[in-house]
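Residue numbers (this note's numbering): 408 to 544. The next block holds one structure in the form of structure tokens; read it before the comments.
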């Protein structure tokens, strides 16, 4: 029997309301429970970054990161791969791959720069409910 693949890990800005909403979206649509989550500001998030040779997060991290099959993805690449892993109909977002990476990442960075102003932020990392605790590192 082939080994079960390791869960994919989404690293996100734990104080960002937009990021929190994105995590909630993934949880609702990830029926298989393929994804685990870690705030970039958490000890688990920092340890995962260090283990993959990535620098520690900035005070206001600008990207959702995806750790999938031992590889770390960022910016639009992370979001598109997450959508692909969620399956139908979210897999349709893969059409975004036809756009040049510079355009996709430019749009991603524009939203990231303004996300606190548009969506707000928390003073502390948001904590998962007891029912979801097992999916957070």
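Heads up, the beta-carbon is just placed ideally off N, CA and C, and yes, glycines get one too.
Backbone secondary structure at residue i - three-state DSSP
i           : result
residue 441 : coil
residue 454 : helix
residue 539 : helix
residue 447 : coil
residue 422 : coil
residue 430 : helix
Whole-angstrom distance between residue j and residue i, CA atom to CA atom
i           : j           : result
residue 520 : residue 498 : 26 Å
residue 522 : residue 496 : 26 Å
residue 453 : residue 474 : 13 Å
residue 462 : residue 456 : 7 Å
residue 445 : residue 513 : 25 Å
residue 468 : residue 443 : 19 Å
residue 501 : residue 437 : 17 Å
residue 450 : residue 509 : 31 Å
residue 430 : residue 539 : 11 Å
Contact belief for residue i with residue j at Cβ below 8 Å, rounded distance in angstroms
i           : j           : result
residue 415 : residue 441 : 6 Å
residue 485 : residue 493 : The Cβ separation is near 13 Å, so there is no contact.
Ordered list of alpha helix (DSSP H) runs contained in the segment 478–526, each at least 4 residues: Here the runs fully enclosed are 482–493 and 508–526.
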